[in-house]
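Beneath this line is the structure, given in structure tokens, with notes to follow.
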Amino acid sequence: MLQRLSAVIRRPIFWHGTHHHHDSNDATKRLFDTVSSTVKGIQQINYVVEHNPKLTAEEKSKMKQFLIYRYDPADENDFPKYVSYYVDLKKIPPMYLDALLYIKDNYDSSLSLRRSCREGICGSCSMNCNGLHKLACIHAIDTDLTQPAYITPLGHMFVVKDLVVDMTNFYTQYKTIDPYLKRKTPKEGNKEYIQSVEDRKLLDGLYECVLCACCSTSCPSYWWHPDRYLGPAVLMQAYRWIVDSRDEYTDERLEKLAEDVKVEDCQNIGMCSFTCPKGLDPQRSMNHLMKLIEEYKERKISSATL
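Mapped onto our numbering, the consecutive letters of the sequence shown carry residue numbers 8 to 313.
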């Protein structure tokens, strides 16, 4: 049983298929079918540690059950498992993070998680809440007491401890796109770089990203090539600087992204936009970005033949 539980947690949480290029609609259907079957599979796992085995059935019926993934890889005697906690929803605010902090403060201080702003701004508390990657601070708890709430780390990431994952690769990839304004012409005094209203509107739906990695860790293409494919979050931010009228390194940015499979491995499945806790549309941004890259390649070929 421990081996079976470990396999579910340490391997991709959502996706168990192989990498094939396919029609995007078919891929989307298969993805959602896989999400559904995997969540059902998780619900059938019977290796659960009860935090408080003394609770009676009557007491449990009045509280919400939270099944939280617990594992400390640094402890050679530990193993992946779910720990069951029961919480009276009347005692806490409505979000998943509220439940986690209540559990940590009142039941089990050893529970590890990331959090900071509690307002959906910092992106720290990203995790898997009942099968979808969300920000725990702005994702509401299902109040149906007959159904448990499952909380696990972001999928396809190395677990540091419990709900904390290693974000090193994600932030390293973000750094490669040079996520800041780059200019070739010297700045005149202390003047601001002026944008038109229209140019400024191009950044709406892009700058709001909080780099929580919910979209990238929900993306099958990112699961397949996390070493080369940058993923929807980083690519959407790359697009944000490419369309910024104040930036003067557009072609250089496009040239860099055109290498290897940094962009082209996107299969247009759309899970990135579906799961984004900020309501952004990374899929749309990447489609625009791929068009810009193709146009750049065509311009480059045309100029080389002149």
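Even glycine gets a Cβ: it sits at the ideal position worked out from N, Cα and C.
> Given Tyr-256, which residues of its chain have a CB within under 7 angstroms of its CB, disregarding the five upstream and five downstream residues?
Replying inline: Lys-189
> Since Leu-104 contacts Cys-144 with CB under 8 angstroms, what's their CB separation in whole angstroms?
Replying inline: Rounded, the Cβ-Cβ distance is 4 angstroms, consistent with contact.
>> I need the straight-line Cα distance from Leu-120 to Lys-298, nearest angstrom please.
In response: 39 angstroms
> How many whole angstroms separate the CB atoms of Tyr-236 and Ser-228, which I take to be in contact at a CB cut-off of 8 angstroms?
Replying inline: 6 angstroms
>> Give the list of continuous alpha helix (DSSP H) stretches no shorter than 4 residues that lie fully inside the region 275-302.
In response: 278-282
>> Using DSSP's beta-bridge definition, name the partner residues of Cys-136.
In response: Beta-bridge partners of Cys-136 (DSSP): Leu-139, Ile-158.
>> Here's a check: name, in chain order, each residue in its chain whose Cβ is nearer than 7 angstroms to the Cβ of Val-94, leaving out the five neighbours to either side.
In response: Met-70, Lys-71, Phe-73, Ala-106, Tyr-109, Ile-110
> Under the three-state reduction of DSSP, which class applies to Gly-48: helix, strand or coil?
Replying inline: Here the model assigns Gly-48 a pLDDT of 46, short of 50, so the residue's position is not dependable and the matter cannot be decided.
> So is Val-56 buried or exposed if we call it buried at 16+ other beta carbons inside 10 Å?
Replying inline: exposed
>> Which residue wins for smallest C-alpha separation from Tyr-178, given the options Leu-218, Ile-249, Thr-159?
In response: Leu-218
>> On the criterion of 16 or more Cβ atoms from any shown chain inside 10 Å, does Arg-247 qualify as buried, or is it exposed?
In response: buried
> By the 10 Å Cβ neighbour count, where 16 or more other Cβ atoms means buried, how is Ile-308 classified, buried or exposed?
Replying inline: With a threshold of 16 other beta carbon atoms within 10 Å, Ile-308 falls short and is exposed.
>> Comparing C-alpha positions only, which one of Tyr-76, Thr-175, Arg-253 sits nearest to Ser-327?
In response: What is shown of the chain runs 8 to 313, which leaves residue 327 out entirely.
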